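S.K.: Anchor point for the sequence shown: position 299 equals 1493 in my numbering, and the numbering is continuous, going up by one each time.
Even for Gly, the Cβ is constructed at its ideal location relative to N, Cα and C.
As the structure is a computational prediction, the values presented were derived from the model and not from experiment.
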Amino acid sequence: MLMLLTALSAVTFMDRQILAVLLQPIKQEFGFSDLQIGLITGLGFAITFGLLGIPMGRLADRAERRSLVAWCRGIGGGIAALGALAAGSSGLTASRAGAALGDAGGGAASMSMLADLYAPHERSRVMSIFGMGGSAGAMLALLAGPVLAELWGWRVTMALVGLSSVVLACVLRWTVSEPQRTMIGRGAKAAATSPLVPTQRTPAVVLIWREPVTRWLIIGAACALFANLSFGAWNTALLARRFELSLRDAGWISAGAALFSVGGALFSGWLTDRMAQRDLRWQIGVPVLALSISSVLGFGYLLTGTEHFNLSIALLLGYALFSPWWASATYAALSLVVPSSRRATASAMVLMSGALLGNGLGPIVAGWLSDFYNSYRPGDGLRLAILTMSCFMLPSIFAFSRAMGHYPNAYRLAHAPAA
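1) What residue ranges within the segment 1269 to 1339 form continuous alpha helix (DSSP H) runs of no fewer than 4 residues, ordered along the chain?
2) Can you give me the C-alpha to C-alpha distance between Leu-1316 and Ala-1523, rounded to a whole angstrom?
3) Which residue comes first and which comes last in the alpha helix (DSSP H) that contains Cys-1417?
4) With 16 as the cutoff for other CB atoms within 10 Å, does Ala-1281 come out buried or exposed?
5) If you drop the 5 nearest sequence neighbours on each side, which residues of the same chain put their C-beta closer than 8 Å to that of Leu-1496?
6) Which value, in whole angstroms, describes the spacing of the CA atoms of Arg-1259 and Leu-1308?
7) When you compare the CB positions of Leu-1423 and Gly-1244, do they come within less than 8 Å of one another, or not?
8) For Asp-1473, count neighbouring C-beta atoms within 10 Å of its own C-beta (all shown protein chains included) and say buried if the count is 16 or more, exposed if not.
9) At which residues does the alpha helix (DSSP H) containing Pro-1572 begin and terminate?
10) Please confirm if Ile-1231 has its CB atom under 8 Å from at least one CB of chain B.
11) To the nearest angstrom, how far is it from the Cα of Arg-1614 to the Cα of Ser-1541?
12) How would you label Tyr-1570, buried or exposed, when you count the other beta carbons within 10 angstroms and need 16 or more for buried?
13) State yes or no: is the C-beta of Met-1352 within less than 8 Å of the C-beta of Gly-1277?
14) Going straight from the alpha carbon of Trp-1476 to that of Ile-1413, what length do you get?
15) Can you have a look at Cys-1266 and say buried or exposed, based on whether 16 or more other CB atoms are within 10 angstroms of its CB?
16) Helix, strand or coil: which one does DSSP assign to Thr-1582?
17) In angstroms with no decimal places, state the Cα-to-Cα distance between Arg-1436 and His-1502.
18) Can you list, in chain order, the residues of its chain with a C-beta nearer than 8 Å to that of Gly-1573? Leave out the 5 residues immediately preceding and following it.
19) From Ser-1359 to Gly-1299, what does the alpha carbon distance come to, in whole angstroms?
20) Quick check: what's the CA-CA separation for Arg-1319 versus Leu-1460?
21) Below 8 Å, can you find three or more Cβ-Cβ pairs linking the segment 1499 to 1515 to the segment 1291 to 1298?
So, in C-alpha cells, the structure goes:
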C-alpha cells in the first residue's frame, strides 16, 4: 500500500510539474506572457483545491479512504490528460483542475491510511517515503518531459502523464484493502483541556486551528510551500534563460536537483524519527534546521553571478537536498497530536494552504513580478521574482520555531493513557 500510494503521488506531482517543463514550447505556441503562464499553472489548481480540499479531508475521516484515493486520483488524471486537447489558456487552466482533484482527494486520505499502518516511531520515515513521491514525480517530469516533448510534442506528453494516474488508480482499487483506523489514547485530563477533543458543535477545522502547535505547523508549511513551489515552478525556465541552456539541458539539471530532493526527503524521515526519540522537540527542530540551511543556499544560488555556473549549480543542489526536510516531519507531527478522526482534515489544511498559496498564488505572483521586474531590469526579471518569493522561507522558520515550543506538551497530552 505504501508503494502504491507513493507511486500515485509521484505521477500526480509529475502531472503538476510537467507544465513547468513544457513552459517554453507552450509559451511559444500561444504567445503567452509570464503572468499568463502563472495564471494557467496556478489558477485552475488553486480554485479546485480551494473548493474541495477540506471537504475531501472530512470525507476521508468518515468514509472508505482506499476508494476515495482511487477515484480522485483516477478521475483527476483523466481530466489532466484532456489538457492535450487545449486550444488556448482556458483549456490548459481547466486541465490543471484534474491535478487538484487528485491531490485534494488523494493526498490527505493517503497520509491518514499510512498513519494507521505504522507505529508512531516510524511515522516520519513513512511520511518521508510517501513525500518522496513528489520529488520523484518532479524528477520524472524533468527527465522524461523534455525528451517526450521533443519526440512527440507537449500535447502527447501531457496525455501520457495524466493517463498514468488512471492506470495506477485502478491497480490501487483492485489490489489493496482499507486499513483499520487506530486511535491515540486520551486521559480524562486531556479530554478536559485539549481544544482538539471532539465536540458536537465545533467544526473540525476550528478545533485544529485552535491548537497552537497545529496552527503554527500549518502557517509554517504554508509559507514554505509558497516559497518552494514558486521556486520549483519557474526554476527550469530560469536555468534556460539565465544560462542560455536548451530545454533538455535545463531539465537534466533540474532533474538532478529533484534526485537530491529524493535523497534529502528519505534521510530527513530517518533522522527525525531518530532524533525525536531523544528529544520530542526535534520532531519540529529538524524542519527549522533544514529551512535555515536551505534558505541560505537558495539565496546564494539566486545571487551568484552567471559567470560562476558551477557554483550556482552546486548551491542549487544543496538547496534541493535540504528544502523537503520539513514536510515528512510536519505531516508525522500532525498525525501524532491530532485525533485519528481529524487526521485527514489536518493534513488537508496543510495541503490546501500549499494549493492556494504554493500552486495557486505563487506562480501567478512570480509571473507578475517577473514581468514587472523585466520592465526595469530586462532579462533579469524572473531571477528577481524567484528571489522575492524565496523570502517567505523566513516567516516559515519563525512559525516552525513557535510550533516546536508547543509540540512536546501537545504530544504528551495526545498520548496520555486512556481514562
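M.R.: Based on what the coordinates show:
1) 1283 to 1311
2) Your numbering for residue 1316 matches position 122 in the sequence shown. Your numbering for residue 1523 matches position 329 in the sequence shown. Correcting the residue type first, residue 1316 is Glu in the shown sequence and not Leu. Cα to Cα, the separation comes out at about 11 Å.
3) Reading the sequence shown from its first residue, position 223 is the one you call residue 1417. From DSSP, the alpha helix (DSSP H) with Cys-1417 extends over 1406 to 1436.
4) If you number the sequence shown from 1, residue 1281 lands on position 87. Classification for Ala-1281: exposed.
5) Stepping through the sequence shown from its first residue, residue 1496 is reached at position 302. So the qualifying residues of the chain are Arg-1577, Ile-1580, Leu-1581, Ser-1584.
6) Position 65 of the sequence shown holds residue 1259. Position 114 of the sequence shown holds residue 1308. Approximately 11 Å, taken between the alpha carbons.
7) Reading the sequence shown from its first residue, position 229 is the one you call residue 1423. Reading the sequence shown from its first residue, position 50 is the one you call residue 1244. No; because the gap between Cβ atoms is not below 8 Å, this pair is not in contact.
8) As a position in the sequence shown, residue 1473 is number 279, starting the count at 1. Asp-1473 is exposed by the Cβ-count criterion.
9) Looking up residue 1572 in the sequence shown gives position 378. Taken as a continuous stretch (DSSP letters only), Pro-1572 belongs to no alpha helix (DSSP H), as it is neither H nor E.
10) Judged by its chain identifiers, the structure shown contains no chain B, having just a single protein chain.
11) For the chain, the structure presents residues 1195 to 1613; residue 1614 sits outside this window and is missing.
12) Position 376 of the sequence shown, counting from 1, holds the residue named residue 1570. Classification of Tyr-1570: exposed, given that the 10 Å Cβ count is below 16.
13) Position 158 of the sequence shown, counting from 1, holds the residue named residue 1352. Position 83 of the sequence shown, counting from 1, holds the residue named residue 1277. For Met-1352 and Gly-1277, yes; Cβs fall inside 8 Å.
14) Numbered from its first residue, the sequence shown carries residue 1476 at position 282. Numbered from its first residue, the sequence shown carries residue 1413 at position 219. Roughly 18 Å separates the two Cα atoms.
15) Against the sequence shown, residue 1266 aligns to sequence position 72. Per the 10 Å Cβ criterion, buried.
16) For the purposes of this step, residue 1582 is taken as residue 388 along the sequence shown, with counting starting at 1. Looking at Thr-1582 - three-state DSSP - the assignment turns out to be helix.
17) Residue numbering aside, residue 1436 sits at position 242 when the sequence shown is read from its first letter. Residue numbering aside, residue 1502 sits at position 308 when the sequence shown is read from its first letter. Rounded to the nearest angstrom, the two C-alpha atoms are 12 Å apart.
18) To locate residue 1573, count along the sequence shown from 1; it is residue 379. Arg-1435.
19) Within the sequence shown, the letter at position 165 stands for residue 1359. Within the sequence shown, the letter at position 105 stands for residue 1299. If you take the alpha carbons of Ser-1359 and Gly-1299, they lie about 13 Å apart.
20) The residue labelled residue 1319 in the question sits at position 125 within the sequence shown. The residue labelled residue 1460 in the question sits at position 266 within the sequence shown. When rounded, the distance between both Cα atoms is 7 Å.
21) no
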